[in-house]
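A short write-up of the structure that comes next.
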Amino acid sequence: MKENIWLDGVMGVVIGDALGCPVQFVNREELARGPVENMEGYGTYNMPEGTWTDDSSMTLALLVSIREKGMIDLPDIMYRFALWLTKGEYTPFGKAFDIGNGTMVAIHRYLKNPDITKCGGTTERDNGNGSLMRILPACLYCYEMSEKGMTDDEALKLIHQVAGLTHNHLRGQIACGLYYFMICAILDEAGGQIDRLKKGLDRGFCFYEKDPGNEKELAYYKRLRNLESFSQVPENDIRSTGYVVDTIEAAVWSFITTNDFKSCELKAVNLGDDADTVGAIAGGLAGLYYGYDTFPEDWLAVIQRRQWVEDLCQIKKSTA
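Using this note's numbering, read the sequence shown as starting at 2 and increasing by one per residue.
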């Protein structure tokens, strides 16, 4: 068992987010001419190096809720998301920025009516990556609870509920569920990246296939069923848009086609477009696999509010 999976995973998300922030929405062709090679500043949002965005802010809001409540408390989580949007809590500089449309709409619904079951979008258009980008703390909570007897059914119900606060369509919820199963396999299984993720994804697909009603949505994730084949897919066939299926594919592909944390993150953000979110989601996987000690110190050194973030990651196992 690793010393602190919360530090490994959450800081992996934050680093990937910060690395991609300056080049978000930059297209791949432009990045090929001048790729990201280190932590940079300014760019898309004109922010100093080490600045993290909505991906990390919402991840940290969820993390704080789990720390303080010792459980998944859905009303408290949504309350904290609203604090982030309206008050600038859980941000580098006291103001929320880079807010996805689905997330914005869901929080505004909550501000008008605090019924958390009616906030998240439920249509096919509500399958952006705004739930996947922040789901890692819920995955780690459920992983630790699974060691105390939480079943897959119980874990996935919670993960779907946390995702559904802003993105309440099954397709996006499945992405979050598959991410959970990949995280479990990284932490529990032996072998390389493909071996571990394959075990996690096999378990995830088996879980969802128990309900025939999931068949249509599962089909969108068919490329993740054969990771050996998927690892050979050329970069041109990897999409890095804000669509949740594209995002999880891009993150997994970046992780399984590299051999260290730094290479994974650089590959992820240089895919361009929604670079910070692909970097964040890949960073969660790579951080848990390689560990905090492998993160480049010069990257860590410039992360905004680094000490505060790292302090939040000091969670005793008994808390979860």
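Backbone N, C-alpha and C define an ideal beta-carbon position, used for all residues, glycine too.
If I measure Cβ to Cβ from residue i and keep anything under 7 Å in the same chain, skipping five residues before and after, which residues do I get?
i: T320; result: Because the pLDDT of T320 is 46, which lies under 50, any placement of that residue in the model is unreliable, and the number read from its coordinates should be weighed accordingly. R68, G71, listed in sequence order.
i: A302; result: none
i: A283; result: G17, A252, S255, F256, C265, E266, A269
i: R224; result: F231, E250
i: M2; result: Because the pLDDT of M2 is 48, which lies under 50, any placement of that residue in the model is unreliable, and the number read from its coordinates should be weighed accordingly. Once the five neighbours on either side are set aside, M2 has no close Cβ partner at all.
i: C1; result: A query on residue 1 cannot be resolved here, the shown segment of the chain reaching from 2 to 321 and no further.
i: E229; result: I195
Cutting at 8 Å between CB atoms, please list the residues of its own chain near residue i, excluding the five before and the five after it.
i: K119; result: R110
i: G122; result: G103, V106, A107, T167, H168, N169, H170
i: G178; result: L157, I160, H161, G205, F208, Y209
i: G299; result: Note on identity: in this sequence residue 299 is Asp, with Gly being the wrong assignment. So the qualifying residues of the chain are N39, M40.
Candidates the options: which alpha carbon is nearest residue i's?
i: N102; options: G13, K88, A276, S132; result: S132
i: E311; options: T60, D196, C177; result: T60
i: C207; options: Y290, I175, E190; result: I175
i: P115; options: L137, A97, F82; result: F82
i: Y244; options: D203, Q315, D274; result: D274
i: M151; options: E125, L137, R172, C185; result: C185
i: T278; options: E30, S58, N5, G42; result: S58
i: P138; options: Y293, V14, D299, Y91; result: V14
i: A62; options: V37, T92, L188; result: T92
i: D9; options: G51, G95, F262, N271; result: F262
Could you tell me if residue i is buried or exposed, where buried requires 16 or more neighbouring beta carbons within 10 angstroms of its beta carbon?
i: K317; result: exposed
i: G214; result: exposed
i: E250; result: buried
i: Y142; result: buried
i: P49; result: exposed
i: W309; result: exposed
i: A276; result: buried
i: A220; result: exposed
i: T124; result: exposed
i: N237; result: exposed
i: A33; result: exposed
i: Q194; result: buried
i: P23; result: buried
i: V234; result: exposed
i: D154; result: exposed
Terminal residues of the continuous alpha helix (DSSP H) containing residue i?
i: I136; result: It is not in any alpha helix (DSSP H) - I136 carries neither H nor E in the DSSP assignment.
i: K113; result: 102–113
i: F206; result: 194–210
i: W309; result: 307–313
i: H170; result: Unbroken run through H170: none, as it is neither H nor E.
i: M12; result: 6–21
i: R29; result: 29–34
i: S230; result: 228–231
Enumerate in chain order the residues of its own chain whose CB-to-CB distance from residue i is below 6 Å, with the five nearest sequence positions on each side excluded.
i: L86; result: A97, I108
i: R240; result: D247
i: Q313; result: It should be pointed out that residue 313 corresponds to Leu in this sequence rather than to Gln. Only L64 meet the Cβ criterion.
Query raised in the report: Quick one: complete alpha helix (DSSP H) runs, 4+ long, within the region 267–304?
Result: 276–291, 298–301
Query raised in the report: Can you list the alpha helix (DSSP H) stretches of 4 or more residues lying completely in the region 63–100, in chain order?
Result: 75–88
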